[in-house]
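Okay, so the sequence shown: first residue is 0 according to numbering that gives the first Met the number 0, each after it adds one. C-beta atoms are modelled at their ideal positions from N, C-alpha and C, and glycine is treated no differently. Step one of this worksheet: look at the structure below.
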Amino acid sequence: MKELLDEAYDRYAVPSFVESDPVQVPRSFEQVADAEVMAFLTATIAWGQRPVILRNAWRIVDLFDGSPHAFIMQAGPEELARIERFQHRTFNGIDLTCFVLAMRHLYLAFGSLENSFLCSGAFDTMPAALARFRDRFFSTPHPLRSEKHVADVRKGAHAKRLNMFMRWMVRPDDSGIDLGLWKRIRPAHLLTPMDVHTGRMARALGLLSRKQDDLKSVQELTDALKRFDPEDPVKYDIALFSLGVHHGDQ
Numbered sequence: 000m001k002e003l004l005d006e007a008y009d010r011y012a013v014p015s016f017v018e019s020d021p022v023q024v025p026r027s028f029e030q031v032a033d034a035e036v037m038a039f040l041t042a043t044i045a046w047g048q049r050p051v052i053l054r055n056a057w058r059i060v061d062l063f064d065g066s067p068h069a070f071i072m073q074a075g076p077e078e079l080a081r082i083e084r085f086q087h088r089t090f091n092g093i094d095l096t097c098f099v100l101a102m103r104h105l106y107l108a109f110g111s112l113e114n115s116f117l118c119s120g121a122f123d124t125m126p127a128a129l130a131r132f133r134d135r136f137f138s139t140p141h142p143l144r145s146e147k148h149v150a151d152v153r154k155g156a157h158a159k160r161l162n163m164f165m166r167w168m169v170r171p172d173d174s175g176i177d178l179g180l181w182k183r184i185r186p187a188h189l190l191t192p193m194d195v196h197t198g199r200m201a202r203a204l205g206l207l208s209r210k211q212d213d214l215k216s217v218q219e220l221t222d223a224l225k226r227f228d229p230e231d232p233v234k235y236d237i238a239l240f241s242l243g244v245h246h247g248d249q
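Below you can see the structure in the form of structure tokens.
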């Protein structure tokens, strides 16, 4: 099994993977703050067809005048009114405005998005970090409708988009895919982003027995992948996802 997964990782985890993947959006920025803003927002809208995800993520970049962090921190009523017309499926301009103001609060309170996941400047566990982040993100007045766009792991959510965001930010840039910009959270702490392709392939390979996609399934799969690489189990997400896309119906 390890040989199969390693071979798939070596085959698919190459720079050309980025050409059709949403990670290309945050990778286009040199400054950490710009990259993490767009990584979070791109991951947030990463459901549906990838060309549509990419088009709308680049649309956000345009609405932010090409300077995501500056927009988050400085946008006034006129700029915020401009983003009200944004729409990606059920994530609309109301939600985008909420996210801008929530991220502004996090930067002012914690200095960076990475810090907003930590407990007194240190990391404990990923489920705790994701729950803590959600609490802090929605700690200021906000539309209740926007809460559905940040997964709640305390309710058992598999949190695919949050875990993908964490993978992008934490895993090292050794294959030209993930960004590896955050250093206080180790790759060993990551949880596998569970999407339909990853889950289907993991079950086909006997790595996952649980039928539903939830937090327990994510933890089961991540524990299984740690047998093959305890320090970087989530690198196999790229392998499982790609195998699922290319061979899922075979």
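Give the straight-line distance between the Cα atoms of residue i and residue j, rounded to the nearest whole angstrom.
i      : j      : result
Lys251 : Phe227 : The question about residue 251 has no answer here: the residues shown for the chain are numbered 0 through 249.
Ala158 : His148 : 10 Å
Val60  : Phe85  : 12 Å
Lys182 : Ala101 : 23 Å
Phe132 : Cys118 : 10 Å
Asp9   : Asp236 : 12 Å
Leu204 : Lys1   : 11 Å
Gly243 : Tyr11  : 12 Å
Gln48  : Ser115 : 30 Å
Arg202 : His246 : 13 Å
Pro67  : Asn55  : 14 Å
Asp213 : Leu207 : 12 Å
Phe90  : Asp123 : 31 Å
Leu95  : Ser145 : 9 Å
Thr197 : Gln211 : 13 Å
Gly92  : Ile82  : 6 Å
Pro186 : Ala108 : 25 Å
Leu143 : Asp134 : 13 Å
Ile184 : Pro76  : 35 Å
Assign residue i to one of three DSSP states: helix, strand, or coil.
i      : result
Phe63  : coil
Phe85  : coil
Phe137 : coil
Phe116 : helix
Ala128 : helix
Ala101 : helix
Ala12  : coil
Ala80  : helix
Ala38  : helix
Ala156 : coil
Phe240 : helix
Ala69  : helix
Ala32  : helix
Ala7   : helix
Phe90  : strand
Within this structure, are the beta carbons of residue i and residue j separated by less than 8 Å?
i      : j      : result
Leu62  : Pro21  : no
Ala7   : Ser174 : no
Leu79  : Val51  : no
Val36  : Trp57  : no
Phe136 : Leu105 : yes
Gly179 : Val169 : yes
Please work out which residues of its chain come closer than 7 Å, Cβ to Cβ, to residue i, disregarding the five sequence neighbours upstream and downstream, and give them in chain order.
i      : result
Leu129 : Val152, Ala158 and Leu161
Arg166 : Asp177, Leu189, Pro192, Val233 and Asp236
His141 : Cys97 and Ala101
Ser27  : none
Phe164 : Ala38, Phe39 and Ala42
Leu4   : Phe227, Tyr235 and Ala238
By Cβ distance, which residues of its chain are closer than 6 Å to residue i, with the 5 residues on each side in sequence left out?
i      : result
Ser111 : none
Lys225 : Pro232
Thr139 : His104
* Asked: For the segment 18-34 against the segment 63-75, are there 3 or more C-beta pairs whose distance is under 8 Å?
  -> yes
* the segment 211-225 in contact with the segment 184-193 per 3-pair CB rule at 8 Å -> yes
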